[in-house]
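**Q** Provided herewith is a single structure, encoded as structure tokens, for subsequent inquiry.
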Amino acid sequence: MTRGTGRVAGVGEAHPAVDLPTGWRALARRFFDRPVAELAPALLHTLLVRREDDGSLTAARLVEVEAYGGRDDPGSHARRGPTRANATMFAGPGHLYVYFTYGMHWCVNVTARAAPGEGAAVLLRAAAPVRGLDRMRARRPTARRDRDLCAGPARLAGAFGLTGAADGLDLCAGGPVFLATDGTPAPARPGRSTRIGLAPHRCGGIRWRWYVPHDPYLSRPGGS
DNA sequence: GGTGTGATCGTA
DNA sequence: ACGATCACACCA
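Plus 4 on top of the position in the first sequence (first one is 1) and you've got this note's numbering.
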């Protein structure tokens, strides 16, 4: 699968126009074109949306994200410059960066502005399902409760059927995957912590995880 | 509710 | 070797 062509596995060619529910609007390039630590908390309460093959929408509201930067960020895939696997982190703001980890899981990021020659992206860690719950359940039969469908980066990727085939997709080109807002603002006082799952020497003391306080759909209870 | 562990493979 | 993880077993 070619990168960034507006195609996703199991999905046809990019569709130029998407009929969104009343009050929803797709996020434009300028939304993503800012420093990653500013973009990340601004993504809370926005909607990840996928237009399925049959025209139906799968959507979930983001409640937990993490920022990953460039050479100065010891926890980032981009810390050592571009490689085959992390190339999309260097593709400019508003692209989908999907990577493979632990030999079996996919995780989804949204790229942000970065310094010249550097990369940056926001890991989508958890979301509250909004539409297409049946399809999410079909893709994730091991999820016992609906609150487990998108509670975790690999779970979220699984619920949306996003794999390496979606890596490099442009989120601002009318393609099958994009972000939208229904007018719900990001929390004025988001929860904040260090990032999850990083080896101690890679944390760098950086508190680049943001989440919606007390939200039931977080990847870990209580959020902190 | 919590903790501990095996699975599994592309990349460096 | 090592992961920006998950599901399940087991204990409480």
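Ideal Cβ positions, reconstructed from N, Cα and C, are used throughout, including at glycine.
Let me know the alpha helix (DSSP H) ranges lying completely inside the segment 122-177, each 4 residues or longer, listed in chain order.
**A** Counting whole runs of 4 or more residues, the segment 122-177 contains the alpha helix (DSSP H) stretches 137-143, 157-163.
**Q** Per DSSP, what kind of secondary structure is residue 42 in: helix, strand or coil?
**A** DSSP places residue 42 in helix when its eight states are reduced to three.
**Q** From residue 149 to residue 191, what does the alpha carbon distance come to, in whole angstroms?
**A** When rounded, the distance between both Cα atoms is 25 Å.
**Q** May I ask you to report which of helix, strand or coil DSSP gives residue 6?
**A** Because the pLDDT at residue 6 is just 37, under 50, the model does not fix this residue reliably, and the value given afterwards should be weighed accordingly. Coil at residue 6, not helix or strand.
**Q** In chain order, what residues of the same chain lie with their CB nearer than 7 Å to the CB of residue 245, ignoring the 5 residues before and after it?
**A** Since the first residue shown for the chain is 5 and the last is 228, residue 245 is missing from the structure and cannot be characterised.
**Q** Alpha carbon to alpha carbon, what distance is there between residue 142 and residue 75?
**A** Cα to Cα, residue 75 sits roughly 39 Å from residue 142.
**Q** Where residue 159 and residue 58 are concerned, what is the direct C-alpha to C-alpha distance, given to the nearest angstrom?
**A** Distance between the alpha carbons of residue 159 and residue 58: 23 Å.
**Q** Anyone know if the C-beta pair for residue 24 and residue 183 falls short of 9 Å?
**A** It is not a contact, given that the beta carbons lie outside the stated cut-off.
**Q** Taking Cβ positions, are residue 223 and residue 155 nearer each other than 9 Å?
**A** In this structure, residue 155 lies closer than 9 Å to residue 223 by Cβ.
**Q** Tell me residue 113's beta-bridge partners as DSSP assigns them.
**A** Note: residue 113 sits in a beta bridge opposite 101, 127.
**Q** What does residue 55 pair with, by DSSP beta-bridge criteria?
**A** Residue 55 is bridged to 61.
**Q** Hey, is the segment 175-182 in contact with the segment 197-213, meaning 3+ C-beta pairs nearer than 8 Å?
**A** They do not touch, by the three-pair rule.
**Q** Could you check the C-alpha separation between residue 220 and residue 113 for me, to the nearest Å?
**A** Rounded to whole angstroms, residue 220 to residue 113 spans 22 Å at the Cα level.
**Q** Please confirm if the segment 112-128 is in contact with the segment 65-74, defined as three or more CB-CB distances below 8 Å between the two stretches.
**A** Short answer: they touch.
**Q** Beta-carbon within less than 8 Å of residue 217's beta-carbon, same chain only, minus the 5 sequence neighbours each way: which residues are those?
**A** Closer than 8 Å at the Cβ level, and outside the excluded window around residue 217, lie 191, 193, 194, 195, 227.
**Q** Given residue 98, which residues of its chain have a CB within under 6 Å of its CB, disregarding the five upstream and five downstream residues?
**A** Excluding residues within five positions, the ones whose Cβ falls inside 6 Å are 33, 36, 175, 176.
**Q** Flag this pair as yes or no: are the beta carbons of residue 215 and residue 31 separated by less than 9 Å?
**A** The answer is no: Cβ separation not under 9 Å.
**Q** Between the beta-carbon of residue 118 and the beta-carbon of residue 94, is there less than 9 Å?
**A** Yes, they are a contact pair.
**Q** Can you tell me whether residue 187 is buried or exposed? The criterion is at least 16 other CB atoms within 10 Å of its CB, across all chains shown.
**A** Flag for residue 187 reads exposed.
**Q** Taking residue 182 as part of the beta strand (DSSP E), name the residues at either end of that continuous run.
**A** Its beta strand (DSSP E) spans residues 181-185.
**Q** Taking residue 45 as the reference, give the member of 130, 103, 105, 151 with the closest Cα.
**A** Of the candidates 130, 103, 105, 151, the one whose C-alpha sits nearest the C-alpha of residue 45 is 130.
**Q** Between 62, 69, 28, which lies nearest to residue 211 when the distance is taken from Cα to Cα?
**A** Residue 211 has its Cα closest to that of 69, out of 62, 69, 28.
**Q** Let me check one thing: in DSSP terms, what residues is residue 3 bridge-paired to?
**A** Since the displayed the chain opens at 5 and closes at 228, residue 3 lies outside it and no answer follows.
**Q** Would you kindly work out how many angstroms separate the C-alpha atoms of residue 29 and residue 43, rounded to a whole number?
**A** C-alpha separation (whole angstroms): 18 Å.
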